[in-house]
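Chemist:
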Amino acid sequence: MATADWNPLGDHYYRKCEVYAMEWSGVVDLAKHTVAAAAYGGPIALMKDESKLNRVPTNIKPVITVYNAAGKIINQIRWNSGTIVKMGWTIMEDLLFVQDDGVVLVYDMFLTFKRTFSMGQEAKDVKILDARIFTSFQGTGVAIMTSTFRIFLITNSDSPRIIRLAEVPDLNTFPSCWDIVVMDRQVRALVAKGRELFIVDQGGQYQKQDPQMDREDVGEYIDMAVSFNNKFVVLFTSTGHIWMGMSDLTTKVGEFDTKSGSKPQHFAWCGNGAVVAVWERIMLVVGPQKYWIKYPFKYQDIHLIPEVDGLRIISNDTHEFLQRVPTVVEQIFKIGSMEPGAMLYEANKEYQKQHQKADEYLRMIMEKLDLAVNQCIQAAGHEFEPAKQKQLMRAASFGKCFLTDYRPEAFVNMCQMLRVLNQVRHHTVGIPLTYTQLEQLSMPVLIDRLVLRKLFGLAILICQYLRVPDAEGENRIRAHWACYKVQQKHMEEDQLARVISQKLLERPGVSFSDIASVALEHGRKVLAVKLLDFETRASEQVPLLLKMGQQAPALAKAIESGDTDLVYTVLLNLRDNLDAAQFYMLIHTMPIAFSLYLQYCRHQNLQMVEQLWEQEDNPNEIALTKIVRSYTQDSLDPRIKTLEDAGNCFHRTGNTFAEKLTEEQIKLMRYQRRLEDELGRSFADLSLHKTMYELTKEGSHHHVERLRKDFKVPDKRYWWMRVSALAEAGDWAELEKFSKSKKPPIGMEAFVEVCMKYYNKQEALKYLSRVLPEHKVKSLVCVGQFQEAADQAAENKNEDELNYVLGKVKVADKQLAETVRGYLAQLNTRR
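Numbering (our numbering), first residue to last: 4 to 834.
1. Taking only the alpha-carbon atoms, compute the straight-line gap between V757 and A730 and give it to the nearest angstrom.
2. Taking the alpha carbon of R366 as the reference point, which residue from A382, E349 and D204 has its own alpha carbon closest?
3. With DSSP collapsed to three states, give me the class of N78.
4. Give the C-beta separation of D226 and C180 to the nearest angstrom, bearing in mind that I take them to be a contact with Cβ-Cβ under 8 Å.
5. How far does the beta strand (DSSP E) with G91 in it extend, from its first residue to its last?
6. Evaluate contact between the stretch 397-405 and the stretch 419-429, counting only Cβ atoms and requiring at least three cross-stretch pairs below 8 Å.
7. Using the C-alpha atoms, what's the distance from N478 back to T572?
8. Just to confirm my understanding: we take Q79, look at its own chain, exclude 5 residues before and 5 after, and list those with CB closer than 8 Å. What are they?
9. Count the C-beta pairs between the stretch 407-418 and the stretch 342-359 that are closer than 8 Å, then say yes if the count reaches three, no if not.
10. Going by DSSP, name the residue or residues bridged to N377.
11. Short of 6 Å in beta carbon distance, which residues of its chain neighbour F152, apart from the five on each side in sequence? Order them along the chain.
12. Mapping DSSP to helix, strand and coil, what is L252?
13. Taking 8 Å as the cut-off, does the stretch 755-770 touch the stretch 798-805 (at least 3 CB pairs, one atom from each stretch)?
14. When DSSP builds the beta bridges, which residues end up paired with K19?
15. What's the gap between the Cα of L710 and the Cα of A820?
16. Which residues share a DSSP beta bridge with E258?
17. Please report the straight-line C-alpha distance between I316 and S445, rounded to a whole angstrom.
18. Going by beta carbon distance, what residues of the same chain come within less than 8 Å of S727, once the five residues before and after it are set aside?
19. What are the uninterrupted segments assigned as beta strand (DSSP E) that are 3 or more residues long and contained completely in the stretch 662-700, given in chain order?
20. Short of 8 Å in beta carbon distance, which residues of its chain neighbour D713, apart from the five on each side in sequence? Order them along the chain.
21. Out of N232, R452 and V415, point me to the one whose CA is closest to L469's CA.
22. Do the stretch 450-468 and the stretch 492-509 touch if we need at least three Cβ pairs shorter than 8 Å?
23. How should T93 be labelled, buried or exposed, when 16 other C-beta atoms within 10 angstroms of its C-beta is the threshold for buried?
24. Just to confirm my understanding: we take I77, look at its own chain, exclude 5 residues before and 5 after, and list those with CB closer than 7 Å. What are they?
25. Looking at V171 and F201, is the spacing between their C-beta atoms short of 8 Å?
26. So, at 6 Å on beta carbons, what are the nonlocal neighbours of P435 in its own chain, with the 5 sequence-adjacent residues on each side left out?
27. Quick check on the DSSP output: the alpha helix (DSSP H) that includes I749 runs from which residue to which?
28. Is it the case that the CB of V289 approaches a heavy atom of the ligand FAD more closely than 7 Å?
29. Taking the C-alpha atoms as reference points, what is the distance between L421 and E442?
30. Nearest by alpha-carbon distance to I368: which of L347, K781, I335 and E353 is it?
31. Whether or not the stretch 332-341 and the stretch 293-305 are in contact is what I'm after, with contact meaning three or more pairs of Cβ atoms, one per stretch, closer than 8 Å; do they touch?
32. Between which two residues does the beta strand (DSSP E) carrying N806 extend?
33. Quick one: Cα of L193 to Cα of D217, how far?
34. Hey, would you say T437 sits closer than 8 Å to M25, going by beta carbons?
35. Are three or more beta carbon pairs between the stretch 506-518 and the stretch 531-550 nearer than 8 Å?
36. Among S160, T176, T138 and R164, whose alpha-carbon lies nearest the alpha-carbon of M148?
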């Protein structure tokens, strides 16, 4: 009968069902162990302490054993560190050990050490008396109470930041009970000091609370428990009173008198609606309205693990689950229920018997048939036994046949979830999740937990069954499998690399570099190199090759990728980690690497460029680099010295032209320094032409003549420089004098142009008459005498000159443009 294990608790029912017969039965005695079990059907850790067994002090270290929820052993170690005060599980199913010196050690469920952190110097100095491991809004937190009765905590074990809570006033002895409450994204401690209750927070504040009790004399608070969702708290007093209320202690939910003056061996919430207290062979379930259920126990010792929707009960022989009967299950199976789901369930039973009552039941709920189908589907999710699940899903399937517009997604999804749940609940897997817990946990997290347990095959089958995208499902799981396989030392590198490549080579998105990195961490360098050969992404491949000391392959792979940034990364890494000779020898064998490094050095450090060419024994390039580097130096003497070195290099190569140019540059720089001393202004970084130009503008004509003679400046260049400089300086008298000094090699048109450049038409007209006929037209146009230019072009009978004039005037002066066109027409007629 479906309700045989139901027990009423007020308006609701509770049921207790056996989940597993423990595989450790006859081997493990929980009375001799400290127990820590993870939520959501997680693993169970037992710590066997020899000193407890012998009742006398001993130096024997305890044995730590981890089992799955079915009692199947996962791993076992002998503890070799300090004294353990508390152990518990994180939300990621890592096992935390809090030692009395404040050190917290983190292990995975296979008892492989991962990391450690400290709870602070004070904890180390004064030691820890007690600790709590709790779930916070940031992850898994740890709270400790020191021998000075101060509370310190962290809210995230992955990123520990120590917080000191306020001190309880006049707390000189260990509190009668204490726990951690997470409210409104803040972590507080609830501390009982005899008859007094205090809530202490992170801001240095404490609040004294006085929960409302039916009786005045309730004695001292000797035990407490916080609900799974942190919304409720329960207190147990020395007079046997149980007080249930909100976690801020301001609102009472219920109160119950157990009439027992002894403290319960175990005290915990069952979901968020009832409290369970255990004494020796009695388990009492108490509800808010003073309703209670008493379960006799044949086990001497048990352990309670609160869950979001119930309570797991672990004993020496069994693993049971106590929960409030879900509402939808109660609606269907409650005796005398007339809910649509109950009627559909009965209709299906009668249909299986081929009885006409099936039709009668269906007619009664036809208007609510869709609700009946959904109730049966939801109820199936809350059942542990596959037989009941099938009965309910068959009833839902029977009902949906009579619905014309029924959408089957809910039915199909529940079938999938039930098959997954039944697989993970199997004792070989040992994860007794309920449907409610799976909804809270989510399917991706469940798959991750299977991967953590090394159940790769089952995880892949579930992903395939649920059609999870390969990138998030099968490919990712196979990558985890490969990371696990490379840790197996009994397999040869060649064989293992071949097996992994066969499984993963056709799987897009799998990172062989990540797998190779794991292999390297476990000392399998040869295997890591072999695995990297299968990595297609150079950006992932190259850094690991460098880490393994494979410099040449890393550089070659970077060059093959065509990614210059990656090549530069390798080159700079090699430069920093190899001696100069090895580095230059390596890049010399790879022209692309050499060119890129040369380009980098030219932008960053020219001395490195020189060193590079010295390795290549190329004096000409060394000289050119020295010339460039000389101009990066601030003072003149080092610049001249560098140029002299460059000249010596040119001399070695027989490049007399470059050597001569370098010598002349040195001579110019020395002359510029003399000019600076004499004239009081700097001529640094100016070319010969620019130096002469500036001197001309200033009127230092004797220095200009000296430079002209010393550097043998060609006449034409010299005249152009001087004409331009004098015009810019506005020294028109000197310009006219210069034009008459001797026959100019550049023609008078140059004088006209520079005068007009600086808008001095009057000066330009002085030189117009001296312009040669072949340049006269352009000069006339330059000074704006377009009519004269047109007449001169017509007189010269030059079509190009006429077109030139026409191009300058055809918009500005249309009449003149017509005149020029007439000249052109006459010229063409004569031809």
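We treat Cβ as the ideally placed atom computed from N, Cα and C, and that holds for glycine.
Modeler: Quick look at the numbers:
1. Each residue's Cα considered, the two are about 6 Å apart.
2. For the residues A382, E349 and D204, the minimum Cα distance to R366 belongs to E349.
3. Looking at N78 - three-state DSSP - the assignment turns out to be strand.
4. With a Cβ gap of about 5 Å, D226 and C180 count as contacting.
5. Bounds of the beta strand (DSSP E) holding G91 are I87 to W92.
6. Short answer: they don't touch.
7. The C-alpha of T572 lies about 30 Å from the C-alpha of N478.
8. Hits under 8 Å: V66, I67, T68, V69 and L114.
9. The stretch 407-418 is not in contact with the stretch 342-359.
10. Beta-bridge partners assigned by DSSP to N377: none are found.
11. Correct list, in chain order: L174.
12. Coil, per DSSP.
13. Because the criterion of three Cβ pairs below 8 Å is not met, the stretch 798-805 and the stretch 755-770 do not touch.
14. K19 is bridged to L325.
15. Distance between the alpha carbons of L710 and A820: 49 Å.
16. DSSP lists W246 as partners of E258.
17. In a straight line, the C-alpha of I316 is about 24 Å away from that of S445.
18. Its chain contains Y696 and V757 as the residues whose beta carbon lies nearer than 8 Å to that of S727, once the 5 sequence neighbours on both sides are disregarded; these appear in chain order.
19. Scanning the stretch 662-700 from its first residue to its last, no whole beta strand (DSSP E) run of 3-plus residues comes out.
20. So the qualifying residues of the chain are K670 and Y674.
21. Ranking N232, R452 and V415 by CA distance to the CA of L469 puts V415 first.
22. Output reads no: the stretch 492-509 does not touch the stretch 450-468.
23. Classification of T93: buried, given that the 10 Å Cβ count is 16 or more.
24. In the same chain as I77, and ignoring 5 residues on each side of it, the C-beta atoms closer than 7 Å to its own belong to P46, V69, Y70, N71, M112 and F113, in chain order.
25. In this structure, V171 lies closer than 8 Å to F201 by Cβ.
26. Sequence-distant partners of P435 (beyond 5 residues in either direction) whose C-beta falls short of 6 Å from its own C-beta, in its chain, are V22, G44, A72 and R428.
27. I749 -> no alpha helix (DSSP H), and no H or E assigned at all.
28. This structure does not include the ligand FAD; it has no bound ligands of any sort.
29. The straight-line gap from Cα to Cα measures roughly 12 Å.
30. Nearest of L347, K781, I335 and E353 to I368, Cα basis: L347.
31. Taking a contact to require three or more Cβ pairs closer than 8 Å, the stretch 293-305 and the stretch 332-341 do not qualify as touching.
32. Taken as a continuous stretch (DSSP letters only), N806 belongs to no beta strand (DSSP E), being part of the alpha helix (DSSP H) at E802 to V812.
33. L193 and D217 have their C-alpha atoms some 22 Å from each other.
34. With contacts defined as CB atoms closer than 8 Å, T437 and M25 fail to qualify as a contacting pair.
35. Taking a cut-off of 8 Å on C-beta distances, the stretch 506-518 touches the stretch 531-550, as three or more cross pairs fall below it.
36. The option with the nearest alpha carbon to M148 is T176.
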